[in-house]
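Enquirer: Just passing along the structure, written as structure tokens.
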């Protein structure tokens, strides 16, 4: 299991109702169902991922999040999760607002554009960073809204979003003690647990 | 005609007629004192009767869901693509029941069958039946086979509506509910199309107010028009464009009213064929059952409130170009199920074939179907796994 998903699992209490936005092949939900007796659904648009979810016994609903979550009532879920997808949304701020409307709390993970490698790439090469971790070029990347930890936390302050917990991991989704010395420089993936 | 029966076919099948003598009280207030249902089954019922799947048919469907009646049959049953050994609904594992609904014209009690009290065909006197009535008659059919709980109730279009109604009326009697290309109720536009179809039939001079059997006549033109209209709503604009475009049969315009465009002759052919196979009174009844379907109607509660009592797990499927029951209509069902905290999965299959897509073996559709049936299988104790059928 991907290490960031493993960390998220610890933030979901047993028996909760969960919504996983862009749930992929349903790996996280499957673990939450079997290990945490969680209920709920994944939203996904990829046909192959949807079939994989169904085969795993994960409830999946084909839905494009960009078209809105208006059909879901306020506070329907205990936890709304979005892993590594906020940066591909047209309006990340609106998605976060919607997540906090339909869920009591939310877990968001995203790649940190303030990581030293990205900074160095742009500073020294003068080009948009391309790496194994960020494999796209500027014209074909789905990542239209990169942000850094600082940017995200500023959004939280502006919108009165309370950060319950946060952690950072490296590219291999590992915790390293030194990352926490300077997370915005050294952390590659941010994991935030937020509520209103 | 199949030269050889394909390996993944249920093969040659034989329908059976099952009599029911306990009176059935219908939504319309009338009672059917006795009735019979035409039924086909495939696969083998396991010892604890836990592996049964009920297939509910759509407007013009019947009990002949899969396989062939004889080697002379031109086509297999209407959902042969989904049912058979190794197919999505695997008859090596499941016991599958198809029936002709009450009011149908393929052998079950209906307008073209003899009324036991008069000895004449029911004709227009056959009572109006609803989806609720069908579910009740299907529950009695389950009792007949000793099935306490279906592994799944599955249906497309009007069949999907029956599956949905099952989950509400008999929450304990099904573990899974597959609702394909359906809607929670008809729109004004849906009802309007049905009304034009009914008018085409009832205005046909050979309809004789539904007593055409005695006159030895058939309202062929009316039935043909009804089917032509219906058929347009089963296809999509894109599908018709790619299938027919503006192709001319003879290559040139003849400046008269004979059918010249391919689409015209296609619709006429479909309509004519249907008018020789289907019963006009049944067509009227089926369209009325569609119009009346609305699980929320009697209580006025929301669909989510009504579905709160359901216990089944749901799989809802729609098709992108279906405009008769569009994906938005399926999403209404999904939203209500989410609101009611039910287990539901939903797939919107990319397909050019419109409403008809639910009968077509589209690869992604079959993948989803297979994946979901694996889940039905996992929830079914003591499956038949010896490979017999």
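Residue numbers (our numbering), protein chains in the order written: chain A, 8 to 203; chain B, -2 to 386.
Quick reminder that beta carbons are idealized off the backbone N, C-alpha and C, glycines included.
Using beta-carbon positions only, say whether residue 311 of chain B and residue 128 of chain B come within less than 7 Å of one another.
Expert: For the purposes of this step, residue 311 of chain B is taken as the residue at position 314 of the second chain. For the purposes of this step, residue 128 of chain B is taken as the residue at position 131 of the second chain. Cβ atoms of residue 311 of chain B and residue 128 of chain B: not closer than 7 Å.
Enquirer: Is there a Cβ of chain A sitting closer than 7 Å to that of residue 172 of chain B, yes or no?
Expert: The count along the second chain starts at 1 and reaches residue 172 of chain B at position 175. Not an interface residue.
Enquirer: With 7 Å as the threshold, decide whether the Cβ of residue 68 of chain A is near any Cβ in chain B.
Expert: Working through the first chain from its first residue, we reach residue 68 of chain A at position 61. Answer yes: the Cβ-Cβ gap between residue 68 of chain A and chain B drops below 7 Å somewhere.
Enquirer: Looking only at DSSP bridge pairs, what is residue 370 of chain B linked to?
Expert: As a position in the second chain, residue 370 of chain B is number 373, starting the count at 1. Bridge partners of residue 370 of chain B: none, in fact.
Enquirer: Do the CB positions of residue 63 of chain B and residue 50 of chain B come within less than 7 Å of each other?
Expert: Position 66 of the second chain, counting from 1, holds the residue named residue 63 of chain B. Position 53 of the second chain, counting from 1, holds the residue named residue 50 of chain B. No, the Cβ-Cβ distance between residue 63 of chain B and residue 50 of chain B is not below 7 Å.
Enquirer: Are the Cβ atoms of residue 200 of chain B and residue 214 of chain B separated by less than 7 Å?
Expert: If you number the second chain from 1, residue 200 of chain B lands on position 203. If you number the second chain from 1, residue 214 of chain B lands on position 217. No. Outside cutoff.
Enquirer: Run down chain A in chain order and give the residues with a C-beta less than 8 Å from the C-beta of residue 369 of chain B.
Expert: As a working mapping, residue 369 of chain B is identified with position 372 in the second chain. Here the neighbours are 61.
Enquirer: To the nearest angstrom, how far is it from the Cα of residue 40 of chain A to the Cα of residue 62 of chain A?
Expert: Residue mapping note: residue 40 of chain A aligns to position 33 of the first chain, counting from 1. Residue mapping note: residue 62 of chain A aligns to position 55 of the first chain, counting from 1. C-alpha separation (whole angstroms): 14 Å.
Enquirer: Mind checking whether residue 222 of chain B and residue 277 of chain B have CB atoms under 7 Å apart?
Expert: Residue mapping note: residue 222 of chain B aligns to position 225 of the second chain, counting from 1. Residue mapping note: residue 277 of chain B aligns to position 280 of the second chain, counting from 1. No.
Enquirer: If I measure Cβ to Cβ from residue 144 of chain A and keep anything under 8 Å in the same chain, skipping five residues before and after, which residues do I get?
Expert: If you number the first chain from 1, residue 144 of chain A lands on position 137. Result list for residue 144 of chain A: 135 and 137, in chain order.
Enquirer: Please check the pair residue 174 of chain A and residue 14 of chain A, which I expect to be a contact at CB under 8 Å, by giving their CB distance rounded to whole angstroms.
Expert: One-based indexing of the first chain puts residue 174 of chain A at position 167. One-based indexing of the first chain puts residue 14 of chain A at position 7. Yes, they are in contact, since the Cβ atoms of residue 174 of chain A and residue 14 of chain A sit about 6 Å apart, within 8 Å.
Enquirer: Less than 7 Å between the C-beta atoms of residue 17 of chain B and residue 137 of chain B, yes or no?
Expert: Start at 1 with the first residue of the second chain, and residue 17 of chain B comes out as number 20. Start at 1 with the first residue of the second chain, and residue 137 of chain B comes out as number 140. Against a cut-off of 7 Å, the Cβ pair of residue 137 of chain B and residue 17 of chain B comes out as a contact.
Enquirer: Counting along the chain, where does the beta strand (DSSP E) carrying residue 167 of chain B start and finish?
Expert: What you label residue 167 of chain B is simply residue 170 of the second chain in a count that begins at 1. Neither: residue 167 of chain B is in no beta strand (DSSP E) and is coded neither H nor E.
Enquirer: Where residue 232 of chain B and residue 61 of chain B are concerned, what is the direct C-alpha to C-alpha distance, given to the nearest angstrom?
Expert: The count along the second chain starts at 1 and reaches residue 232 of chain B at position 235. The count along the second chain starts at 1 and reaches residue 61 of chain B at position 64. Their backbone Cα atoms lie some 23 Å apart in a straight line.
Enquirer: Counting only beta-carbon atoms, is residue 64 of chain A nearer than 7 Å to chain B?
Expert: For the purposes of this step, residue 64 of chain A is taken as the residue at position 57 of the first chain. Closer than 7 Å: yes.
Enquirer: Could you tell me how far apart the beta carbons of residue 116 of chain A and residue 168 of chain A are, in whole angstroms, since I believe they sit closer than 8 Å?
Expert: Here residue 116 of chain A refers to the residue found at position 109 of the first chain. Here residue 168 of chain A refers to the residue found at position 161 of the first chain. In fact, because the Cβ distance is near 15 Å, the residues do not count as touching under 8 Å.
Enquirer: Check for me: the alpha helix (DSSP H) holding residue 388 of chain B runs from which residue to which?
Expert: Lying before the first or after the last residue shown, residue 388 of chain B is absent from chain B, which here runs from -2 to 386.
Enquirer: Short check: CB of residue 83 of chain A to CB of residue 23 of chain A, under 7 Å?
Expert: Within the first chain, residue 83 of chain A is the residue found at index 76, counting from 1. Within the first chain, residue 23 of chain A is the residue found at index 16, counting from 1. Cβ distance not < 7 Å, so residue 83 of chain A and residue 23 of chain A don't count as in contact.
Enquirer: When the cut-off is 7 Å and only beta carbons count, does residue 372 of chain B lie next to chain A?
Expert: For this step, residue 372 of chain B is matched to residue 375 along the second chain. Yes, its Cβ sits closer than 7 Å to a Cβ of chain A.
Enquirer: Give me the Cβ distance between residue 54 of chain B and residue 106 of chain B, rounded to the nearest whole Å; I'm assuming they're in contact under 8 Å.
Expert: On the second chain, position 57 is the one that residue 54 of chain B refers to. On the second chain, position 109 is the one that residue 106 of chain B refers to. That belief does not hold up - the Cβ atoms of residue 54 of chain B and residue 106 of chain B are roughly 15 Å apart, past 8 Å.
Enquirer: Alpha carbon to alpha carbon, what distance is there between residue 317 of chain B and residue 347 of chain B?
Expert: Reading the second chain from its first residue, position 350 is the one you call residue 347 of chain B. Reading the second chain from its first residue, position 320 is the one you call residue 317 of chain B. Each residue's alpha carbon lies about 5 Å from the other.
Enquirer: Hey, residue 92 of chain B and residue 48 of chain B: beta-carbon distance below 7 Å or not?
Expert: Taking the first residue of the second chain as position 1, residue 92 of chain B is located at position 95. Taking the first residue of the second chain as position 1, residue 48 of chain B is located at position 51. Yes; because the gap between Cβ atoms is below 7 Å, this pair is in contact.
Enquirer: Quick one: give me the first and last residue of the beta strand (DSSP E) that residue 116 of chain A is part of.
Expert: Residue mapping note: residue 116 of chain A aligns to position 109 of the first chain, counting from 1. Here the beta strand (DSSP E) through residue 116 of chain A covers 110 to 118.
Enquirer: What number of angstroms, rounded off, separates the C-alpha of residue 68 of chain A from the C-alpha of residue 314 of chain B?
Expert: Residue numbering aside, residue 68 of chain A sits at position 61 when the first chain is read from its first letter. Residue numbering aside, residue 314 of chain B sits at position 317 when the second chain is read from its first letter. So the two alpha carbons sit approximately 10 Å from each other.
Enquirer: If we define contact as Cβ-Cβ less than 7 Å, is residue 361 of chain B a contact residue for chain A?
Expert: Along the second chain, one-based indexing puts residue 361 of chain B at 364. Interface residue, yes.
Enquirer: Can you name, in chain order, every residue of its own chain whose Cβ lies under 7 Å from the Cβ of residue 237 of chain B, other than the five neighbours on each side?
Expert: Residue 237 of chain B sits at position 240 when you count from the first residue of the second chain. If we look at residue 237 of chain B and ignore the five residues flanking it on each side, its Cβ neighbours are 260.
Enquirer: So residue 186 of chain B is in the alpha helix (DSSP H); what residue range does that whole segment cover?
Expert: As a first step, residue 186 of chain B must be located in the second chain, where it is residue number 189. Taken as a continuous stretch (DSSP letters only), the alpha helix (DSSP H) holding residue 186 of chain B covers 185 to 199.
Enquirer: Find the nearest neighbour of residue 118 of chain B within the set B:368, B:210, B:288 and B:274, judged by alpha-carbon distance.
Expert: Locating residue 118 of chain B in the second chain gives position 121, where the first residue counts as 1. Nearest C-alpha to residue 118 of chain B: B:210.
Enquirer: Please classify residue 45 of chain A as buried or exposed, where buried requires at least 16 neighbouring CB atoms within 10 angstroms.
Expert: Counting from 1 along the first chain, the entry for residue 45 of chain A is found at position 38. Residue 45 of chain A should be labelled buried.
Enquirer: Residue 80 of chain A touches chain B at which residues, Cβ-Cβ below 8 Å?
Expert: Along the first chain, read from residue 1 onward, the residue named residue 80 of chain A stands at position 73. Simply 336.
Enquirer: Which class does residue 49 of chain B belong to by DSSP, given the choice of helix, strand or coil?
Expert: Working through the second chain from its first residue, we reach residue 49 of chain B at position 52. Strand, per DSSP.
Enquirer: For residue 193 of chain B, which residues of its own chain have a beta-carbon under 7 Å away from its beta-carbon, when the five flanking residues on both sides are left out?
Expert: Along the second chain, read from residue 1 onward, the residue named residue 193 of chain B stands at position 196. Within the same chain, residue 193 of chain B has close Cβ partners 226.
Enquirer: Name the residue from A:157, A:166, A:200 and A:162 whose alpha carbon lies nearest to the alpha carbon of residue 191 of chain A.
Expert: Taking the first chain and counting its residues from 1, the one referred to as residue 191 of chain A is at position 184. Of A:157, A:166, A:200 and A:162, the residue nearest in Cα terms is A:157.
Enquirer: Within the 7 Å Cβ cut-off, does residue 52 of chain A reach chain B?
Expert: Taking the first chain and counting its residues from 1, the one referred to as residue 52 of chain A is at position 45. For residue 52 of chain A, the answer is no, since every Cβ of chain B falls outside 7 Å of its Cβ.
Enquirer: Regarding residue 165 of chain B and the ligand NAP, is the C-beta to nearest heavy atom distance less than 6 Å?
Expert: Ligands in the displayed structure: none, and consequently the ligand NAP is not present.
Enquirer: If residue 172 of chain B and residue 338 of chain B are in contact, beta carbons under 8 Å, what's the gap, nearest whole angstrom?
Expert: Counted from its first residue, the second chain places residue 172 of chain B at position 175. Counted from its first residue, the second chain places residue 338 of chain B at position 341. In fact, because the Cβ distance is near 17 Å, the residues do not count as touching under 8 Å.
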